[in-house]
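Participant:
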Amino acid sequence: MASFILNGEPITIDADPSMPILWAVREKAGLSGTKFGCGIAQCGACTVHLDGQPVRSCSTAISQAEGREVTTIEGVAGPDGELSKVQQAWVSEQVPQCGYCQSGQIMSATALLRDNPSPSDADIDAAMSGNICRCGTYTRIRRAIKVAAGIEQPRTEQAGEEA
Amino acid sequence: MNDLSPDEKKPSKLAKWSRRGFIGAGVLAGGGLLIGIGVRPGNPIGALGPKVAAGAGEQLVNSWVKIDTDNIVTAIVPHCEMGQGAHSVLAQMLADELDASWDNVRVMQAPADGSYVVSDTARMFAAPFTLNAADWLEPTWDGLFTQLGKSMDLLITGGSSSIRTTGQHQMRIAGAAARQMLIGAAADAWEVPAEEIATRDSMLVHEASGNSAPYSEFASAAADQPMDHTPTLKTRDQYRLMGRSKARTDIPAKINGTAEFGIDAVPDGLELSYAAVVRPPVPGTTVTSMDANRAEGMSGVLQILNMGNFVAVVADSYWQAQQAMNTVGIEWSQSESPVKTMDDQFAVFASALDGAGDTGGDQAAARGDAPGALADAATTIDAEYRAPYLAHAPMEPLNCTAHVADGKCDIWTSTQVPLMARSEVASTIGIGADDITIHQQYLGGAFGRRLGSEYVAMAARVAQATGYPVKMIWSREEDTQKALYRCADMSRMRAGLDESGALVAYDSVFTQRHDPAEACVPAMYDIANTSVRVAEAELHLPFQAWRSVDHSQQGFFIESFIDEAAAAAGADPLDYRLSMLTNAPRHTAVLEKLAEISNWREPSAEGTAKGVAIVESFGTIVAEVIEVDMTSGKPVLTNCWAVCDAGYVMNPDGFRNQIEGGIVFGLTAAMYGELELEDGAIVQSNFHDYKMLRMNEVPNIEVALINSGDVPVGGAGEPGLPPAAPALTNAIFAATGTRLRELPIAKQFV
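One line per chain: the protein sequences are D and Y, in this order. Under my numbering, think of the first position of the first sequence as 48, with each following residue one higher. Under my numbering, think of the first position of the second sequence as 151, with each following residue one higher.
#1: Taking 8 Å as the cut-off, decide whether the C-beta atoms of Met-457(Y) and Val-428(Y) are in contact.
#2: Anything in chain Y within Cβ reach of Cys-93(D), meaning under 9 Å, just list it in chain order.
#3: Any residues in the stretch 849-860 of chain Y with a beta carbon nearer than 8 Å to a beta carbon of chain B? Which ones, in chain order?
#4: To which residues does DSSP link Phe-660(Y) through a beta bridge?
#5: Considering Cα atoms alone, identify which of Ala-173(D), Cys-182(D), Pro-166(D) and Ile-179(D) is closest to Ile-5(D).
#6: For the stretch 706-716 of chain Y against the stretch 869-876 of chain Y, do three or more pairs of beta-carbon atoms, one drawn from each stretch, fall closer than 8 Å, so that the two count as touching?
#7: Using 8 Å as the threshold, is the C-beta distance between Thr-661(Y) and Leu-503(Y) below it?
#8: How about Thr-119(D): is its C-beta nearer than 8 Å to some C-beta of chain Y?
#9: Provide the residue span of the alpha helix (DSSP H) that contains Thr-630(Y), from first to last.
#10: In chain order, what residues of the same chain lie with their CB nearer than 6 Å to the CB of Met-105(Y), ignoring the 5 residues before and after it?
#11: At a threshold of 7 Å, does Glu-668(Y) count as lining the ligand SAM (C-beta to nearest heavy atom)?
#12: What does Ser-625(Y) reach in chain D if we use C-beta pairs closer than 7 Å?
#13: Does the beta-carbon of Val-900(Y) have 16 or more other beta-carbons within 10 angstroms, so that it is buried, or is it exposed?
#14: With burial defined as no fewer than 16 other Cβ atoms inside 10 Å of the residue's Cβ, what is the status of Pro-57(D): buried or exposed?
#15: Pick out whichever of Gln-89(D), Asp-168(D) and Trp-70(D) has its Cα sitting closest to the Cα of Thr-81(D).
#16: Anything in chain D within Cβ reach of His-838(Y), meaning under 8 Å, just list it in chain order.
#17: Check Val-215(Y) in the structure and name its three-state DSSP category.
#18: Per the DSSP calculation, Thr-59(D) is bridged to which residue(s)?
#19: Which residues mark the beginning and the end of the beta strand (DSSP E) in which Arg-746(Y) is found?
#20: Under DSSP, the alpha helix (DSSP H) around Ile-809(Y) begins and ends at which residues?
#21: Taking 8 Å as the cut-off, does the stretch 409-427 of chain Y touch the stretch 550-562 of chain Y (at least 3 CB pairs, one atom from each stretch)?
#22: Any idea what DSSP makes of Gln-513(Y), helix, strand or coil?
#23: Roughly how many angstroms lie between the CA atoms of Met-154(D) and Ala-196(D), to the nearest whole one?
#24: So, under 8 Å CB-CB, Glu-774(Y) and Ala-885(Y) are touching, yes? Tell me the CB distance rounded to an integer number of Å.
#25: The beta strand (DSSP E) spanning Tyr-798(Y) covers which residue range?
#26: Confirm, please, whether the CB-CB distance from Leu-724(Y) to Tyr-675(Y) is below 8 Å.
#27: Taking just the CA atoms, how far does Asn-857(Y) sit from Ser-395(Y)?
#28: Give the DSSP-derived three-state secondary structure of Pro-568(Y) in the structure shown.
#29: Give the range of the beta strand (DSSP E) segment to which Glu-847(Y) is assigned.
#30: List the residues of chain D that Asp-795(Y) touches, going by C-beta distances under 7 Å, in chain order.
#31: Which residue wins for smallest C-alpha separation from Met-353(Y), given the options Arg-329(Y), Gln-472(Y), Ala-866(Y) and Thr-435(Y)?
#32: Is it the case that the Cβ atoms of Ser-835(Y) and Thr-630(Y) are separated by a distance below 8 Å?
#33: Out of curiosity, what's the CA-to-CA distance linking Trp-252(Y) and Arg-350(Y)?
#34: In terms of alpha-carbon separation, which member of Ala-358(Y), Phe-368(Y), Ser-362(Y) and Asp-249(Y) lies closest to Arg-322(Y)?
#35: I believe Cys-145(D) touches Met-545(Y) by the beta-carbon criterion, under 8 Å. Please report the beta-carbon distance rounded to the nearest angstrom.
#36: Just checking, does the stretch 756-765 of chain Y make contact with the stretch 821-836 of chain Y on the three C-beta pairs under 8 Å criterion?
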């Protein structure tokens with residue numbers, strides 16, 4: 048059993064306190080945006096925020112969340128559904144391919160920009176190297192972070208681009 | 151994503167491939183509301199229609215498009231979406247020919263039904279060269295297609311083929327035919343000549359009479375129109391959507407957690423249990439004993455199943471199932487494979503190559519007299535190359551949800567081959583294919599791994615054994631160690647140079663040949679005497695196509711060895727290649743542009759160097775320059791430039807994303823990719839020892855495109871990969887003088 052705030056709403060999970068947050072939010076709370084990738088905190092697909100800090104939810108027990116705030120990808124957009132700046136940049140830069148790792152990428156990027164609104168390339172490397180993207184969208188993730196930070200302009204509407 | 155279950159589920163019989171086969175099937179009316187274009191004779195559109203036309207007010211215009219009463223055009227796409235953007239670009243191609251308003255176009259995943267057999271894909275998948283093969287290569291593909299077509303259920307996503315086959319031969323024609331039929335229906339109603347009716351933004355307009363109407367108004371009447379079996383397709387100057395970087399339709403769901411991958415399946419009305427599984431550590435072995443005493447008493451555990459060739463623990467949650475599984479002791483039978491280590495595997499390869507000698511083995515391709523020219527050459531060079539086994543490692547571990555009840559089976563999974571998966575389930579659990587429904591989900595990566603369906607059959611067996619719905623999830627360790635693999639291989643290569651350094655003879659012999667058949671042939675180069683041979687050898691690990699398939703090894707072997715020839719000739723590697731491409735103007739243009747954008751001819755900074763490679767695969771020519779910084783003593787990847795000629799690119803930004811991804815995939819394998827064996831079992835287990843390139847390790851990547859035109863359109867998903875490894879090792883050679891003839895690279899610089 049553990050009680051915490053999940054995306055702004057109090058929730059009590061009736062499960063072994065050592066159950067990882069990943070499986071609690073996916074199977075008990077029904078929020079499947081947080082992904083299972085490796086189970087040993089090596090890939091970052093399961094990244095969520097615990098009191099605003101990015102953690103690997105596959106290796107963080109629900110007991111550690113007791114009384115604290117957990118934010119998942121489902122809690123990133125505004126209450127009216129307005130996309131966050133990071134999410135908007137992910138769209139403008141057309142980042143995802145398969146998309147499976149991108150919840151974790153967005154959670155890591157969101158935490159980075161909250162602490163460091165104008166990150167350098169080295170800052171981005173440090174904050175994002177725990178997140179694997181097997182499709183290889185890294186160059187777009189880097190650009191999207193800079194767009195979300197206002198360091199680079201979003202690519203203009205591409206509808207007119209000729210091959 | 152819409153999830154459709156077909157009501158007409160007869161196993162498919164592949165019709166003989168022809169464009170006429172698709173167009174010639176004609177139009178069938180279904181209850182006066184449905185019309186369609188057959189994908190093959192015996193068109194089942196009447197039976198299929200009710201499932202595709204989900205809403206009461208919707209009209210099915212053909213197998214690949216429907217128009218509803220709100221004038222929404224839905225493209226029904228037979229390919230799965232695994233990040234390659236097929237759903238979006240195929241809809242673009244259809245909507246362009248239909249003159250549909252892009253804002254009102256939707257995409258629907260086609261049901262896993264024989265009606266959606268991707269017939270052209272079979273041919274392209276087996277032998278892309280069949281569409282424009284050089285005569286002397288013909289023996290390399292003859293017969294492959296026939297064999298494949300007979301044995302497969304062909305609803306495949308692979309071979310970088312979606313645009314080239316379904317897009318070009320089906321979506322565009324469907325869109326154009328539907329447009330003509332809508333015009334015909336409006337012309338009849340308005341009593342005006344069809345030629346005077348214009349179409350734009352999903353509207354029919356007759357300016358002279360002032361008539362106009364949305365497509366939806368004539369969707370039903372269009373059913374009675376004759377269909378032009380060869381509708382006029384747009385020329386490039388008429389494209390409005392093709393060739394443009396439209397935003398992908400699947401991205402919004404992939405940034406807010408709502409995209410449903412296989413692992414996210416929550417079937418309506420079903421209470422799921424969860425299974426963790428353990429498969430044999432050495433392929434082909436079986437369970438000889440199992441001790442599950444401790445697991446049986448653990449919280450949430452429902453059942454522990456000895457399935458013979460795997461063990462499953464079923465529990466209330468996946469975590470509980472996996473925790474319990476970790477306590478189960480399993481003894482496995484002894485493997486008969488002589489291969490216990492990679493040294494053993496390479497010894498098997500070497501033995502086969504020894505047996506083939508200088509001229510033996512199966513001749514895959516031959517031109518001129520390679521043995522004679524090698525004997526006469528002023529200089530010869532020899533080299534032996536090696537490539538390791540690789541795992542696909544998609545980010546979404548293999549998983550499948552299954553429910554078997556009342557003689558029927560429902561499957562929720564992400565697969566590249568829904569019909570083959572259905573057949574495998576049918577033969578495994580003894581339920582007819584007619585009673586099996588595959589619910590396709592988004593794929594969290596595949597790269598060829600999900601062309602195999604053993605995980606789907608396993609889940610069906612577990613669900614049959616339990617009688618209740620079960621979601622089976624493989625751990626990352628299972629995914630890495632107990633799956634299907636890119637094969638290892640060894641290639642022995644010999645080149646003969648004349649007095650001027652020109653390459654006059656080329657011979658290679660290797661042991662693994664899968665697809666595409668032409669991958670092993672350096673066909674683009676003017677080498678008068680070429681011999682390519684295969685000396686087959688047994689693999690210890692089971693094979694599965696891996697992104698770019700044979701090109702992933704052969705690109706490394708061939709383009710490294712060409713670089714060796716350039717070095718032996720004392721020539722610039724890029725110029726040396728150009729000197730052998732006098733009959734290949736597209737390849738020449740690609741390399742010349744690459745030299746320009748990469749500043750190839752400028753000296754590199756101290757400690758850095760550039761390498762180049764060029765490979766044509768899946769109809770697309772890609773050349774890459776990689777720049778490496780060796781000042782730390784270890785390779786640091788600084789920049790990558792790529793130039794691609796796919797003939798014509800349908801969505802430039804989507805294409806670039808695929809090439810960027812292919813490059814990272816190829817560089818990951820080149821730097822880190824390796825599976826080692828210990829007592830016949832794979833050593834690597836998870837991302838800590840089966841490493842991926844990460845954000846801090848990838849180079850800057852710049853991709854330039856050339857639309858050379860008048861050739862069949864090339865693929866996007868795979869062609870970025872093959873040049874990456876040789877461009878990198880060639881750069882390391884340029885920087886250090888060390889020629890790397892085996893992969894991976896990183897461990898050679900510790």
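By construction, the Cβ of each residue, glycine as well, lies at the ideal position given by its N, Cα and C atoms.
Facilitator: With the structure as the only source:
#1: Walking along the second sequence from the start, residue 457(Y) turns up at place 307. Walking along the second sequence from the start, residue 428(Y) turns up at place 278. Against a cut-off of 8 Å, the Cβ pair of Val-428(Y) and Met-457(Y) comes out as no contact.
#2: Looking up residue 93(D) in the first sequence gives position 46. Residues of chain Y passing the Cβ test: none, with the nearest at roughly 11 Å.
#3: The structure shown contains no chain B; its protein chains are D and Y.
#4: The residue you call residue 660(Y) lines up with position 510 of the second sequence. BP columns for Phe-660(Y) point to Ser-641(Y) and Val-684(Y).
#5: The question about residue 5(D) has no answer here: the residues shown for chain D are numbered 48 through 210.
#6: Touching, per the Cβ criterion.
#7: One-based indexing of the second sequence puts residue 661(Y) at position 511. One-based indexing of the second sequence puts residue 503(Y) at position 353. Yes, they are a contact pair.
#8: The residue you call residue 119(D) lines up with position 72 of the first sequence. Yes, Thr-119(D) counts as interfacial toward chain Y.
#9: Taking the second sequence and counting its residues from 1, one reaches residue 630(Y) at position 480. DSSP places Thr-630(Y) inside the alpha helix (DSSP H), whose first and last residues are 626-631.
#10: Nothing about residue 105(Y) can be read from this structure; chain Y reaches only from 151 to 900.
#11: Within the structure as shown, the ligand SAM is missing, as the structure has no ligands at all.
#12: One-based indexing of the second sequence puts residue 625(Y) at position 475. Scanning chain D for C-beta atoms nearer than 7 Å to the C-beta of Ser-625(Y) yields Gly-86, reported in chain order.
#13: As a first step, residue 900(Y) is located in the second sequence; it is residue number 750 there, counting from the start. Classified as exposed, Val-900(Y) has fewer than 16 neighbouring CB atoms from the shown chains inside 10 Å of its CB.
#14: By 1-based counting over the first sequence, the position of residue 57(D) is 10. It counts as exposed.
#15: Translated into the one-based positions of the first sequence, residue 81(D) becomes position 34. Ranking the options by Cα distance to Thr-81(D), first place goes to Trp-70(D).
#16: Counting from one through the second sequence, the residue named residue 838(Y) turns up at place 688. Within chain D, the residues placing a beta-carbon under 8 Å from that of His-838(Y) are Ile-87 and Gln-89, ordered along the chain.
#17: Position 65 of the second sequence, counting from 1, holds the residue named residue 215(Y). Val-215(Y) falls in the strand class under three-state DSSP.
#18: Taking the first sequence and counting its residues from 1, one reaches residue 59(D) at position 12. Beta-bridge analysis with DSSP links Thr-59(D) to Ser-50(D).
#19: Against the second sequence, residue 746(Y) aligns to sequence position 596. It is Glu, not Arg, that sits at residue 746(Y) in the sequence shown. For Glu-746(Y), no beta strand (DSSP E) encloses it; the enclosing alpha helix (DSSP H) starts and ends at 735-747.
#20: Position 659 of the second sequence, counting from 1, holds the residue named residue 809(Y). Looking at the DSSP string, the run of the alpha helix (DSSP H) that includes Ile-809(Y) is 802-822.
#21: Verdict: yes, contact present.
#22: Here residue 513(Y) refers to the residue found at position 363 when the second sequence is read from its first residue. Residue state, collapsed to three classes: strand.
#23: The count along the first sequence starts at 1 and reaches residue 154(D) at position 107. The count along the first sequence starts at 1 and reaches residue 196(D) at position 149. Computed Cα separation, rounded: 15 Å.
#24: Taking the first residue of the second sequence as 1, we reach residue 774(Y) at position 624. Taking the first residue of the second sequence as 1, we reach residue 885(Y) at position 735. Actually they do not touch by this definition, with Cβ atoms about 16 Å apart.
#25: Sequence index remark: in the second sequence, residue 798(Y) carries index 648 (1-based). Premise fails: Tyr-798(Y) is in no beta strand (DSSP E) and is neither H nor E.
#26: As a first step, residue 675(Y) is located in the second sequence; it is residue number 525 there, counting from the start. As a first step, residue 724(Y) is located in the second sequence; it is residue number 574 there, counting from the start. Not a contact, by the Cβ cut-off of 8 Å.
#27: Walking along the second sequence from the start, residue 395(Y) turns up at place 245. Walking along the second sequence from the start, residue 857(Y) turns up at place 707. One Cα belongs to Ser-395(Y), the other to Asn-857(Y), and the distance between them is close to 15 Å.
#28: Against the second sequence, residue 568(Y) aligns to sequence position 418. For Pro-568(Y), the secondary structure class from DSSP, reduced to helix, strand or coil, is helix.
#29: Position 697 of the second sequence, counted from the first residue, corresponds to residue 847(Y). Premise fails: Glu-847(Y) is in no beta strand (DSSP E) and is neither H nor E.
#30: If you number the second sequence from 1, residue 795(Y) lands on position 645. Per Cβ cutoff of 7 Å: no residues; Asp-795(Y) is ~11 Å from chain D at best.
#31: One-based indexing of the second sequence puts residue 353(Y) at position 203. Looking at the Cα atoms, Arg-329(Y) is the closest of the given residues.
#32: As a working note, residue 835(Y) is residue 685 in the second sequence. As a working note, residue 630(Y) is residue 480 in the second sequence. Taking 8 Å as the cut-off, the Cβ atoms of Ser-835(Y) and Thr-630(Y) count as close.
#33: The sequence position of residue 252(Y) within the second sequence is 102, counting from 1. The sequence position of residue 350(Y) within the second sequence is 200, counting from 1. Between Trp-252(Y) and Arg-350(Y), the C-alpha separation is close to 11 Å.
#34: Working through the second sequence from its first residue, we reach residue 322(Y) at position 172. Scanning Ala-358(Y), Phe-368(Y), Ser-362(Y) and Asp-249(Y) for the CA closest to the CA of Arg-322(Y) turns up Asp-249(Y).
#35: Taking the first sequence and counting its residues from 1, one reaches residue 145(D) at position 98. Taking the second sequence and counting its residues from 1, one reaches residue 545(Y) at position 395. Rounded to the nearest angstrom, the Cβ distance from Cys-145(D) to Met-545(Y) is 7 Å, consistent with a contact under 8 Å.
#36: Counting C-beta pairs closer than 8 Å gives fewer than three between the stretch 756-765 of chain Y and the stretch 821-836 of chain Y, which falls short of the contact rule.
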